[in-house]
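Take a look at the structure set out below.
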Amino acid sequence: MTSLRQRIPAPALATLTAAALGAVLAGCGSSDPATSGDTSDGGTVTLVTHDSFNVSDEVLQRFTEQTGLEVEVLRGGDAGTVVNQAILTKDNPQGDVLFGVDNTLLSRALDEGVFAPYEAAGLDGVRDDLTTDDRHRVTPVDYGDVCVNYDRSYFAEHDLAVPTTFDDLADPAYRDLLVVQNPATSSPGLAFLLGTVAEYGQDGWQDYWSRLADNGVEVVDGWEEAYNTRFSGAAGSQGDRPLVVSYASSPPAEVIYAETKPDQAPTGVVTGTCFRQVEYAGLLEGAANPEGGQQLIDFLLSDEFQRDMPLQMFVNPAVDGTELPEEFTAYSEQPERSHSLDPALITENRDQWIEDWTGVVLR
């Protein structure tokens, strides 16, 4: 069978590589004009985003029909690269709206003055726990959870209880079973590290990682290698690790893209290990078409766009009460409580945490 990664992109939130934050970019990304309908009345609005952004053609067609605006999608790499480029070009922005800045990058973008305030129509429908900026410089559009996933068949065959907490992962019963990603090169790897900081505090997370290292945790560079090569539960994988850092949306993705739909997802989620990632959109300061940008941000909160996202980018809609695809409700496991950290705290400490993690785990 074909691997999950070959059939679908990694979730849209899997777009940060920490190394990209310091890169000075020479190019401006690739544009994808979404030509749909007569746009002579309104011109063009440019959406700057990451490579994992995807939307149905008919949804963009609906926006054009409503506004007369053609959406030009400018993809510029991973989220870290896109934010870095927005900072470098803030005096002459590449577009009107930036979509894809997440809570691990948000404070840096706000401090650099990348976004102009705009209170989106429909903002009152967004989940209260996703809003962070009282000045409305960014609008929450979607969210997802990075969590440890497990291979159901392995634990059933070995008569081993599925772990439920971070602490369980360091128990000798789970020695040599977990594969994680390096937080310096991987978005889910960074999110998992941040989850442990949230769980154990700034004075305790290093001791936890020391215990994980002693318990045989395997570290790889990125999500694709961890999930499709080392994880035993991925479709077509020959891996021998039944625990992997991935997404709460990975089990329904396994079902959706299975050659024969199973009654139960072959993988599950250790909900006690989840870290919440939120993606935002913002009107770029100095945008050439600010009115069009405002209309586009409004549309990102519309029912059409919000309902389209789950199967396009494997993320959850930010607008409360949005109808989810059956596969998401039937096969996903949503954590009752996700770990989180203040975006400003992440910005202040991220590089040092990664350096400290490297010293504990890799040296």
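Residues -26 to -1, 1 to 337 in mature numbering (1 follows the signal peptide of the UniProt record, and there is no 0) are what the sequence shown lists, from first letter to last.
For each residue, glycine too, the CB sits at the ideal point set by N, CA and C.
Practice item. Starting from Q251, follow its DSSP beta bridges and name the residues at the other end. Key: G118
Review point. Alpha carbon to alpha carbon, how far is A172 from I271?
Key: 31 Å
**Study point:** CB-CB length for A200 against V218, believed under 8 Å
**Key:** 5 Å
**Study point:** Inter-residue CB distance, E228 and A209 (contact presumed, cutoff 8 Å)
**Key:** 6 Å
Practice item. With DSSP collapsed to three states, give me the class of A90. Key: strand
Check your understanding: Excluding sequence positions up to five away, which residues of its chain have a Cβ less than 6 Å from the Cβ of L285?
Key -> P299
Check your understanding: What separation, rounded to the nearest whole angstrom, lies between the Cα atoms of A157 and G42?
Key -> Rather than Ala, the amino acid found at residue 157 in this sequence is Pro. So the two alpha carbons sit approximately 43 Å from each other.
**Study point:** Residue of N66, W183, D65 minimising C-alpha distance to L143
**Key:** W183
Check your understanding: Which residues in the same chain as E86 place their Cβ atom closer than 7 Å to its Cβ, once the five residues preceding and following it in sequence are excluded?
Key -> I61, K64
Review point. For N123, which residues does DSSP report across the bridge?
Key: V218, V243
Check your understanding: From this set, S220, G99, L164, T106, which residue's C-alpha is nearest L152's C-alpha?
Key -> S220
Review point. Where D119 and Q308 are concerned, what is the direct C-alpha to C-alpha distance, given to the nearest angstrom?
Key: 8 Å
Point to revise | For L21, three-class secondary structure by DSSP | key: strand
Point to revise | Same chain only: Cβ atoms within 8 Å of T296, ignoring 5 sequence neighbours per side | key: D277, Q280, R281
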